[in-house]
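Colleague:
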Amino acid sequence: MKFSAVLTSLAISALQMVHATPTGLESAELETLKARDGPGYCCSVYENLNSIVSLTIPRGSDTFIWNGVGTCEIEVTRNPNNCNGWKFTLRPNCNYLTRTVTLGVRPANECR
């Protein structure tokens with residue numbers, strides 16, 4: 021094997037390794053992830069026999085309208101201080117749902 025072929029192989033290997041090396045998150049992405057899992061958000065989960073849908077909803081003192089599954093809208097009455105005591109109400113356009121529906125706040129890792 022020629023010396024130039026060996027150098028070329030090493031150069032290609034080094035280039036492939038540089039492209040495969042993971043880099044850190046950019047600060048904006050990192051802040052977004054921190055905010056989502058931070059104390060200002062709660063993981064909300066809609067579950068029936070056919071599907072599980074999760075959404076990270078910001079805390080607040082007003083009602084949040086969540087477009088749950090299909091055309092079903094869910095009113096979420098939030099607590100501005102924490103994730104306790106949130107109330108989930110299916111709007112009338114959810115009448116087509118014939119199965120049992122579970123709505124609630126879950127641990128943050130269920131919304132990832």
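Heads up: the sequence shown begins at 21 in the working numbering, then just goes up one per residue.
Here a beta-carbon is modelled for each residue, glycine too, at the ideal position from N, C-alpha and C.
Go ahead and pull the three-state DSSP assignment for Asn87.
Modeller: Within the sequence shown, numbered from 1, the residue matching residue 87 stands at position 67. Note: Asn87 maps to strand in three-state DSSP.
Colleague: Nearest-angstrom Cα distance between Phe84 and Leu69?
Modeller: Translated into positions along the sequence shown, residue 84 becomes position 64. Translated into positions along the sequence shown, residue 69 becomes position 49. Spanning the two alpha carbons is a distance of roughly 24 Å.
Colleague: In the DSSP assignment, find the unbroken beta strand (DSSP E) run with Leu110 in it and report its ends.
Modeller: Counting from 1 along the sequence shown, the entry for residue 110 is found at position 90. Unbroken beta strand (DSSP E) run through Leu110: 107-110.
Colleague: So what's Cys92 in DSSP terms, helix, strand or just coil?
Modeller: Position 72 of the sequence shown, counting from 1, holds the residue named residue 92. In this structure, Cys92 counts as coil in the three-state DSSP scheme.
Colleague: From the DSSP output, read off the bridge partner residues of Thr97.
Modeller: Looking up residue 97 in the sequence shown gives position 77. Beta-bridge pairing links Thr97 to Thr83, Lys107.
Colleague: Output needed for Pro160: all residues of its chain with C-beta closer than 7 Å, excluding positions within five of it in sequence on either side, in chain order.
Modeller: With the chain running from 21 to 132 in the structure shown, residue 160 is simply not present.
Colleague: Expressed to the nearest angstrom, what Euclidean distance is found between the alpha-carbon atoms of Cys7 and Asn102?
Modeller: Given that the chain is displayed from residue 21 to residue 132, the structure contains no residue 7 and the question cannot be resolved.
Colleague: Identify, in the order they occur along the chain, each residue of the same chain with its Cβ nearer than 8 Å to the Cβ of Gly124, setting aside the five sequence neighbours on each side.
Modeller: In the sequence shown, counting from the first residue as 1, residue 124 sits at position 104. Excluding sequence neighbours, Gly124 sits near Ser64, Val65, Trp106, Phe108.
Colleague: Shortest alpha-carbon distance to Val92 belongs to which of Pro100, Leu117, Ile72?
Modeller: As a first step, residue 92 is located in the sequence shown; it is residue number 72 there, counting from the start. One point to set straight first is that residue 92 is Cys, not Val, in the sequence displayed. Of the listed residues, the one whose Cα sits closest to Cys92 is Leu117.
Colleague: Per the DSSP calculation, Arg126 is bridged to which residue(s)?
Modeller: Here residue 126 corresponds to residue number 106 of the sequence shown, with the count starting at 1. Answer by DSSP bridge pairing, in chain order: Cys63.
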